[in-house]
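For any residue, its number in our numbering is found by taking its place in the sequence shown, counting from 1, and adding 108.
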Amino acid sequence: MLRAQRDREKSRLTAEESEQLYIEEIKNLQDKIGQFEQQLSINLAASFGTDDSEFSTDNLVQRVGPEVYSGEISDRLRLAAKTTLSFADQIGLDARSRIILERFVTRLPVSPALAELSQDLARATKDPKRVASELTSLLRRHGYAEKSDNRHIRLEANRGYEGLEAITIPKTPSENRGLKNLRKQIERTLGMTKLTSKS
Numbered sequence: 109m110l111r112a113q114r115d116r117e118k119s120r121l122t123a124e125e126s127e128q129l130y131i132e133e134i135k136n137l138q139d140k141i142g143q144f145e146q147q148l149s150i151n152l153a154a155s156f157g158t159d160d161s162e163f164s165t166d167n168l169v170q171r172v173g174p175e176v177y178s179g180e181i182s183d184r185l186r187l188a189a190k191t192t193l194s195f196a197d198q199i200g201l202d203a204r205s206r207i208i209l210e211r212f213v214t215r216l217p218v219s220p221a222l223a224e225l226s227q228d229l230a231r232a233t234k235d236p237k238r239v240a241s242e243l244t245s246l247l248r249r250h251g252y253a254e255k256s257d258n259r260h261i262r263l264e265a266n267r268g269y270e271g272l273e274a275i276t277i278p279k280t281p282s283e284n285r286g287l288k289n290l291r292k293q294i295e296r297t298l299g300m301t302k303l304t305s306k307s
């Protein structure tokens with residue numbers, strides 16, 4: 109019994125040692141709490157998008173997804189603004205929103221890359237012998253990938269280009285009218301026709 113008591117005495121810490129251990133443990137816990145608070149504030153800032161760079165054009169494109177052509181997102185937002193303005197009275201749009209949307213439509217020009225893509229499509233659909241290879245090459249640069257190559261070439265939108273339908277290109281289109289129809293069909297599939305309309 110005496111021996112057990114001596115062993116307990118040896119294993120006991122002095123009051124000073126115990127206090128030192130408690131102080132170290134408190135410091136460790138305070139450090140962990142500080143780390144958790146810092147992580148929480150970072151997560152909150154990320155989830156609320158409080159940084160001004162969150163609203164930059166580059167970040168907008170990054171968040172929405174890749175563009176078929178440079179300026180596509182602003183062109184589509186411009187179309188949405190025009191459409192909203194045409195129903196402003198019916199939906200009870202407030203005056204401030206109307207003014208901002210009107211400025212968006214009048215002060216933000218259509219992207220020059222849209223006209224360039226339209227010209228590229230016109231060039232690619234001129235020669236019936238080269239139309240399949242020219243269009244395939246052009247559409248690969250604008251979000252499409254070749255999925256099958258039989259009597260017709262089937263192109264499907266790459267990942268990130270949701271909303272774009274598949275495009276089928278005949279290897280031997282009929283005549284000049286067929287080439288023009290093919291070009292118009294591709295423009296409709298890409299949603300270009302309404303983006304260029306003036307009003």
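A virtual CB, placed ideally from N, CA and C, is assigned to each residue, including glycine.
Could you give the residue range of the alpha helix (DSSP H) that holds L243?
Its alpha helix (DSSP H) spans residues 239-248.
Alpha-carbon spacing of E254 relative to N136, whole angstroms
Rounded to the nearest angstrom, the two C-alpha atoms are 58 Å apart.
Do L263 and I275 have their C-beta atoms within less than 8 Å of each other?
The Cβ atoms of L263 and I275 lie closer than 8 Å to each other.
Top-ranked residue by Cα proximity to G299, from I141, L209, Y177, K140
Nearest to G299 by C-alpha distance, out of I141, L209, Y177, K140, is Y177.
By how many angstroms is the C-alpha of L290 removed from the C-alpha of H250?
Going by the C-alpha atoms only, they are around 17 Å apart.
Can you have a look at D235 and say buried or exposed, based on whether 16 or more other CB atoms are within 10 angstroms of its CB?
A residue is called buried when at least 16 other Cβ atoms come within 10 angstroms of its Cβ; D235 does not meet this threshold and is exposed.
Is it a yes or a no for the region 241-248 touching the region 202-217, going by three-plus beta-carbon pairs under 8 Å?
No, the region 241-248 is not in contact with the region 202-217.
Roughly how many angstroms separate the alpha carbons of Q143 and L129, rounded to a whole number?
Counting only the Cα atoms, L129 lies some 21 Å from Q143.
Beta-carbon gap between E180 and S219 smaller than 8 Å:
Going by C-beta atoms, E180 is nearer than 8 Å to S219.
Nearest-angstrom Cα distance between E295 and Q170?
Rounded to whole angstroms, E295 to Q170 spans 24 Å at the Cα level.
Whole-angstrom Cβ separation of T304 and L222, contact assumed at under 8 Å?
Approximately 6 Å separates the beta-carbon atoms of T304 and L222; this is inside 8 Å, confirming the contact.
State buried or exposed for E175, treating a residue as buried only when at least 16 other CB atoms are found within 10 Å of its CB.
Residue environment for E175: buried (at least 16 other C-beta atoms within 10 angstroms of its C-beta).
How many Å lie between L246 and T233 at the Cα?
Answer to the nearest angstrom: the Cα atoms are 11 Å apart.
Name the residue from D139, N266, G173, T280 whose alpha carbon lies nearest to the alpha carbon of D257.
Closest in C-alpha terms to D257, from the list D139, N266, G173, T280, comes T280.
Would you list the one or two residues that DSSP bridges to Y252?
Beta-bridge pairing by DSSP links Y252 to A265.
State the Cα-Cα distance for the pair A265 and N151, rounded to the nearest angstrom.
So the alpha carbons of these two residues sit roughly 33 Å apart.
Residues near R231 by beta carbon distance below 8 Å, same chain, minus five either side
Counting only Cβ-Cβ distances below 8 Å, and skipping sequence neighbours, we find E242.
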